[in-house]
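Taking our numbering, the leading residue of the sequence shown gets 1230, the next gets one more, and so forth. Contents: one structure, followed by commentary.
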Amino acid sequence: MTDTIFNKIIRREIPADIVYEDEHVLAFRDINPQAPVHVLFIPKVAKATLNDLSMDDAEYVGRLMVAAASYAKQEGFAEKGYRTVINCNHDGGQTVFHIHLHLLAGRSLHWPPG
Ligand code: DGP
């Protein structure tokens, strides 16, 4: 897959407000926040979309969820609530083709989403 802006963030070639990092996952604040808390959790090894995953990648993508939930607990909004979203391709609203989990919190979120 082609290099994306998120790989440049991983390599520290462009700045980002990084809030979490481990061996497999990096998390940073979204440049265009849709809620008071809007953090993107990305795998350090890039795959473009959810469609590129197989069952062998269950841990790969699961790590994003677990990291997001841990962050929510650490930041103190886990009990109040939050939303996680992975957009896929055009109709899903995906614009950056490096899988990422959105974590949104800090306000009451509407359903269904737009
Ligand atoms: P999606 O639409 O699901 O592909 O979400 C991509 C998100 O990435 C979008 O909410 C804006 C964010 N984004 C795009 N470029 C940058 C960037 O350079 N820095 C940061 N922090 N976020 C970015």
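Don't be surprised by glycine CBs; every beta carbon is placed ideally from N, CA and C. No experiment lies behind these values; they were computed from the predicted model shown.
- Under the criterion of beta carbons closer than 8 Å, Lys-1273 and Ile-1239 qualify as touching, at roughly 6 Å.
- Ile-1247 is bridged by DSSP to Phe-1257.
- The Cβ-Cβ distance between Ala-1264 and Leu-1330 does not fall below 9 Å.
- The beta carbon of Phe-1270 is closer than 7 Å to those of Val-1254, Ala-1256, Leu-1293, Ala-1296, Ala-1297, His-1329, Leu-1330 and Leu-1332 in its chain, skipping five residues each way along the sequence.
- Every alpha helix (DSSP H) of 4 residues or more that sits fully in the segment 1260-1342 is shown, in chain order, as 1287-1304 and 1318-1321.
- The closest CA to that of Ala-1277, considering only Gly-1335, Gly-1322, Pro-1341 and Thr-1233, is found on Thr-1233.
- Annotation for Asn-1261 indicates a beta carbon within 8 Å of some heavy atom of the ligand DGP.
- About 5 Å separates the beta carbon of Leu-1338 from that of Arg-1312, a gap short enough to meet the 8 Å contact definition.
- Taking the Cβ atoms as the reference, Tyr-1300 lies roughly 5 Å from Tyr-1249, within the contact range of under 8 Å.
- Burial is judged here by how many other beta carbons sit within 10 angstroms of a residue's own beta carbon; Val-1325 has fewer than 16 and is exposed.
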